[in-house]
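Engineer:
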Amino acid sequence: MPAREAAGENSVVGLKGMGVREFFARRRARAAIQACGDMDVPMVGLKGEELAVEFRGGAGTPVAGLEKRGKSVVPPTLSLFHLEAWARERRPDLLARLRAAQRAVEEAFLPHEEEAAWAEFEAAKAALERAWREWIMAGGGGGQDALFPQEEPRGEGAKGAPEADRGAVGGTAPGPAPAAPASPDPAGAVAETPRVPAPPPPGGEGAAPPAPNGDPGTEAPMVGLKGKESEAVRDATEKVQQSLFPPEPGAAPGAFRSPWEDWLDAAEVARVPDLAAWRAALEEARAAGACALDTETTGLDPLQNRVRLIQLAVPLYPEGKKRLVADDWVSPESGGGARVYVLDLFALPREGDRREALEAVAGLVADPGVLKVGHNLKFDLVFLRAGLGGRRIPMERLFDTMLASQLVTAGDFVPGGQWEKWCAERGLRPARNDRGQELKATRVDAHGHLVEFEHDNQKEIKPFYPTHSLQQVAHRHLEVWLPKDLQASDWRGELSEGQVRYAARDAAVLLPLYEVLARLLVLNRLVEVAKIEFACLPAVVEIELSGMPFDAPRARELLAAAREEAARHRGELEALAAGAGFVPRPKKGKRIVAGLNPDSSQDVLDCLRLLAEGEGLLAGDRLSVGGEEFDLESRDETLSRLASRLPEGSPLRRFAEALRAYRAAKKRADFLQKWLELLHPATNRLHPDLRQINPQGVGRFSASNPNLQQCPRGSDIRQLFRASEGKKLVVADYSAIEMRIMAQLSGDKTMREAFLEDVDIHRFTAGRMAGKAPEDVTKEERQAAKAFNFGLIYGMQGITLQLYAETSYNVKMTLGEAEAAREAFFRTYPAVAAWHAEQARKGRERGFADYWQHDFGQGFHREKRPWVRTLGGRLRVWPTVREEGREGPYLRKAGAFTELYNTPDQGTGADMVKCAMARLYRELLKRGLEDVKLVATVHDELVLEAPEELAEQVAELLGAAMELTASRFLPDVPVEVEAAACETWAEK
DNA sequence: TCCGCGAGCGCG
DNA sequence: AAAGCGCGCTCGCGGA
């Protein structure tokens, strides 16, 4: 029986005044918590100097591995060490199994994909834990031996609870042992055939609410201990601590210092004097099987700056081990370390040597026999490739700790509404900038270190996402602090000792980080998708380095025209406003301006109101035109509908139309201006930054500076992207890919057959819904169906559908018609409805699954979370929110339910494109097509630039790469790729 | 002057 | 019960 269902008040553990041993306290608490595999993971938090652990279930609840002490409970450790000690005499069989598994894991660890070894290790450990618990239950050893094996000093403090209390420990119900790496849906991994779980009948959705998570009466806020109770607990626990972890001599009391700081300080740093020594270092890395790479460059632009320093960290494993992180997964394994070779390219005597040194690095990067760990490897690889004259180089066995970190956080965030509380519980105080202003998304922890978040203020839920700079990731998992001031320092001139030290630390820290993140990938079943991400790095490097060809002179002409047009419409708007007697409201702290500013929504709304009033259309704070009501807002779709319902000469209509035209021209001008600003002086091309994984964890790329993914369609603007002299753009995209993916995800027979028969899916849908043959479908019906296809598969409702059909496809319908059409859609594709129901289940408590996290305080720990996966195995989880339901409070996912429908589909599309990019890169490399370059990726589209004479051949190659990749993800649905060789991007 | 917020809009 | 999703960029506005 889950402990939380037991009645009683909560048990609270406080370990106060741990000072320098704080992390040990956390570690012990975590070990105890993990021992309670049958409980819901309790909350552990740090409040100032106090460690507070709250267990749902109450003081009367027997909890394995916990001793009762007075009113509170002290968690003794149940570490692997203790388990092993216990098993030595009592269960040598299980111990042998564990040891064997451990060996297998250690040997298999470097090729990070060895999941099987991990599974066996977890299973062996679970078996041991189970046996231990049974033994405890049977009253074995009175509990004491199990907790403090012979090897440990058994001071008085370690004696633990009086005899009478020990029953609480022994009385634990065994419960199911913690399963071997439990994690969401193992079927999601690519290695296995993607399987969609059999969906429940559509009617099942929303039927019975999930069982409430525990008795609401037992819910208590996280508390630290105060007063007498805390004194008693502290004394007792101090003693336990002393006996288990005697203080190191010279440790400053009260000051916290992560053991990894010492580990980093102890890393050997070797300056590399010459090319021969560098080659020897690379050989050492090869022999180790894994290494970490980092570079410092003279600037941030690979096309204008150069690599200055290369740091190569080689692991020094402890005798007989293949790991640097200890079995508790937070502290360093004793006897382990790192050697960091620092090569200063500028110090090499000859220019030829620099080149040779880079070539040697390229050799390492190409070597599939050694794993290369880096943080944001894109940066280093772009410089490496540029440093080698832009030559395409093979890149194998990469492990990017930034991408790994982004993958394992998988869309997790803190909802804006819980932000302050969440921070307070963790002792995160607001940070201020140098002007004393409070920063919203940066906080300061107890040690004065900055914890940075990414805040998205555009979303309804105002999420705060974790960030993934090396500094943040190292702080999160190892609690080391890597100062940033040297990162931005000048790496061009004479280097200080501090700079070299800093550079070396950055590389060394990657080695333990890799181990922790690799395990997180394994536990969360993210290894396959991580392989996709790492494999597509070289293609990303290629895109950033190649850039898009851009016709700047023509762009300047268009910009002038767009500005002129915007000015014209602006004049018209100002005249209309003045004619209606519009006077702008004064803005605080701003100079008073006479006329209307069409960029100010305040001005625009005021003016709309005034004009409507003049025409007698104002009804309260809304507009009423021909019996139809409009919110007073100025979105384009509103203006469009408004204009279409007003008479030709109406000033309001003229204003709406002029505003729409002004905004369109302004937007074009903005794009053109931005692009011209960002045109690269060295290449005369546009080189956007690609972000491979975004905070929501869907998996699509995003681009910035500039974002060419939002380049306008259907105008002359795309024509500006014209292949350079003698070349062509080869453009290929997947057609209707999200519908095809939905057919695979849902397994809908009708939808699948439609694709098998290669019909026009929009026409087909329209025919099915109207009960007609596809050839009888009218143009309007097909247009409407197009709107349905893209909206309904993601959960769009009738009301939105009605609006969307009109504004996007110019199809007018009543709400009733829209709703009827929606129902007809799901009757046509019933499996899609069923799949929706299945996805929705995952947003409710009964559909939650284990999600593993890691930080220095708690080590590995898991929570039940709402989740979905793509067909590539990519995971997205959500935070939970407690919501009042009709039958009591229960947990559900934060944010919109429709995300559950969209993510597997959109994310699978991303998996496919990334795979195709990786595959294409290898193919181009293999064929030696050096003049063919990947230049853009836009969600379902890839763009290459190729010499004219090769264009047709390349189009075929590209199409094949994309199709082959897609068939791996969508075994049951055919995929169509349209590939063409064009002069400009506009021709597609 | 900087920061945060909100509206609005380009793409898939 | 209610519900398209995912991005980046620009501008105005108010507060410190």
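Residue numbers (the working numbering): -9 to 978. C-beta atoms are modelled at their ideal positions from N, C-alpha and C, and glycine is treated no differently. Note that the coordinates shown come from a computational prediction; the quantities given were computed from them, not determined experimentally.
1. On the DSSP letters alone, give me the boundaries of the beta strand (DSSP E) that residue 927 sits inside.
2. Under the three-state reduction of DSSP, which class applies to residue 837: helix, strand or coil?
3. Is it right to say residue 448 is buried, meaning 16 or more other beta carbons lie within 10 angstroms of its own, or is it exposed?
4. What's the call for residue 514, buried or exposed, on a 16-neighbour Cβ count within 10 Å?
5. Between which residues of its own chain and residue 335 is the CB-CB distance below 8 Å, once the five residues before and five after are set aside?
6. Whose C-beta lies closer than 8 Å to the C-beta of residue 905 among residues of the same chain, with five residues either side of it excluded?
7. Assess, as a yes-or-no matter, whether the region 705 to 719 is touched by the region 424 to 438 under the definition of 3 or more beta carbon pairs within less than 8 Å.
8. Determine the direct distance from the alpha carbon of residue 292 to that of residue 539, and round the result to whole angstroms.
9. Please classify residue 294 as buried or exposed, where buried requires at least 16 neighbouring CB atoms within 10 angstroms.
10. Does the separation of the CB atoms of residue 645 and residue 563 fall below 8 Å?
11. Give the secondary structure of residue 516 by DSSP, where H, G and I count as helix, E and B as strand, and everything else as coil.
12. Nearest-angstrom Cα distance between residue 949 and residue 479?
13. Would a C-beta distance cut-off of 8 Å place residue 925 and residue 537 closer than the cut-off?
14. Whole angstroms are fine: how far does the CA of residue 519 sit from the CA of residue 505?
15. Would you grab the beta carbon distance between residue 382 and residue 532 for me? Rounded to a whole angstrom, and I think it's under 8 Å.
16. Could you please give the first and the last residue of the uninterrupted alpha helix (DSSP H) stretch that includes residue 773?
17. What separation, rounded to the nearest whole angstrom, lies between the Cα atoms of residue 623 and residue 534?
18. So who's on the other strand from residue 826, going by DSSP bridges?
19. Name the two residues that bound the continuous alpha helix (DSSP H) containing residue 994.
20. I need the boundaries of the beta strand (DSSP E) containing residue 680, first residue and last residue.
21. Under a Cβ-count criterion, where at least 16 other Cβ atoms within 10 Å of its own Cβ denotes burial, should residue 425 be classed as buried or exposed?
22. Give me the residue from 384, 74, 763 with the minimum Cα distance to residue 88.
23. Can you tell me the Cα-Cα spacing of residue 233 and residue 785, whole angstroms?
24. Under the three-state reduction of DSSP, which class applies to residue 707: helix, strand or coil?
25. In the DSSP assignment, find the alpha helix (DSSP H) that holds residue 665 and state where it starts and stops.
26. Do the CB positions of residue 932 and residue 907 come within less than 8 Å of each other?
27. If we ignore side chains and look at the alpha-carbon of each, how far apart do residue 214 and residue 416 end up?
28. Can you find the residues in the same chain that come closer than 6 Å, C-beta to C-beta, to residue 893, ignoring five residues on each side of it along the sequence?
29. With contact counted as at least three CB pairs below 8 Å, one residue from each stretch, are the region 821 to 840 and the region 439 to 457 in contact?
30. Who are the Cβ neighbours of residue 793 in its own chain at under 8 Å, not counting the five residues just before and after it?
31. Please classify residue 955: does DSSP put it in a helix, a strand, or coil?
32. Counting C-beta neighbours from all protein chains within 10 Å, is the total for residue 872 16 or more, i.e. buried, or is it exposed?
33. Keeping to the same chain, check which residues put their C-beta closer than 8 Å to that of residue 391; ignore five residues upstream and five downstream.
34. State the CB to CB distance for the pair residue 476 and residue 489, rounded to an integer number of angstroms; the pair is presumed to be in contact (CB under 8 Å).
35. Skipping 5 residues on each side, what residues in its chain have a beta carbon closer than 6 Å to that of residue 582?
36. Mind checking which residues open and close the alpha helix (DSSP H) that includes residue 754?
Structural biologist: The structure says:
1. Counting along the chain, the beta strand (DSSP E) containing residue 927 begins and ends at 923 to 927.
2. Helix at residue 837.
3. Looking at its Cβ environment, which holds fewer than 16 other Cβ atoms inside 10 Å, residue 448 is exposed.
4. Residue 514 is classed as buried because its beta carbon has at least 16 other beta carbons within 10 Å across all chains shown.
5. Apart from sequence neighbours up to five positions away, the residues of its chain that approach residue 335 with a beta-carbon distance below 8 Å are 296, 297, 298, 299, 300, 344, 347, 348, ordered along the chain.
6. Apart from sequence neighbours up to five positions away, the residues of its chain that approach residue 905 with a beta-carbon distance below 8 Å are 522, 525, 526, 862, 955, 958, 959, ordered along the chain.
7. Flag = no, the region 424 to 438 and the region 705 to 719 do not touch.
8. Those two C-alpha atoms are separated by around 18 Å.
9. Exposed is the call here.
10. Yes, they are a contact pair.
11. Here residue 516 sits in coil by DSSP.
12. It is roughly 45 Å from the alpha-carbon of residue 949 to the alpha-carbon of residue 479.
13. Inclusion of residue 925 and residue 537 in the CB contact set at 8 Å is warranted, their separation being smaller than that value.
14. Note on geometry: alpha-carbon atoms of residue 505 and residue 519 lie some 17 Å from one another.
15. Right, the Cβ-Cβ distance comes to about 7 Å (below 8 Å), so this counts as a contact.
16. Residue 773 -> alpha helix (DSSP H) spans 769 to 782.
17. Cα to Cα, residue 623 sits roughly 39 Å from residue 534.
18. The partner list for residue 826 (beta bridge, DSSP) is empty, contrary to what the question assumes.
19. The structure shown does not extend to residue 994, since the chain spans only -9 to 978, so no value can be given for it.
20. Annotation: the continuous beta strand (DSSP E) that includes residue 680 extends over 679 to 681.
21. That one is exposed.
22. Taking only the C-alpha atoms, the option nearest residue 88 is 74.
23. Only weak support is given to the placement of residue 233: the predicted model assigns it a pLDDT of 33, under 50, and the value that follows is read from those uncertain coordinates. Between residue 233 and residue 785, the C-alpha separation is close to 59 Å.
24. DSSP places residue 707 in coil when its eight states are reduced to three.
25. That run of the alpha helix (DSSP H) goes 641 to 668.
26. A contact, by the Cβ cut-off of 8 Å.
27. Bear in mind that a pLDDT of 23 at residue 214, under 50, signals an unreliable position, so the number given afterwards is only what the model happens to contain. Between residue 214 and residue 416, the C-alpha separation is close to 12 Å.
28. Closer than 6 Å at the Cβ level, and outside the excluded window around residue 893, lie 688, 858, 866.
29. Contact between the region 821 to 840 and the region 439 to 457 is absent, because fewer than three Cβ pairs lie under 8 Å.
30. Same-chain partners within the cutoff: 627.
31. For residue 955, the three-state secondary structure derived from DSSP is helix.
32. Exposed, since its Cβ has fewer than 16 Cβ neighbours within 10 Å.
33. Here the set comprises 363, 364, 365, 460, 463, 500, 503, 504, 507.
34. About 6 Å separates the beta carbons of residue 476 and residue 489, which is inside the 8 Å limit, making them a contact pair.
35. Taking C-beta separations shorter than 6 Å and ignoring five residues to either side along the sequence, the partners of residue 582 in its chain run 576, following chain order.
36. Here the alpha helix (DSSP H) through residue 754 covers 751 to 760.
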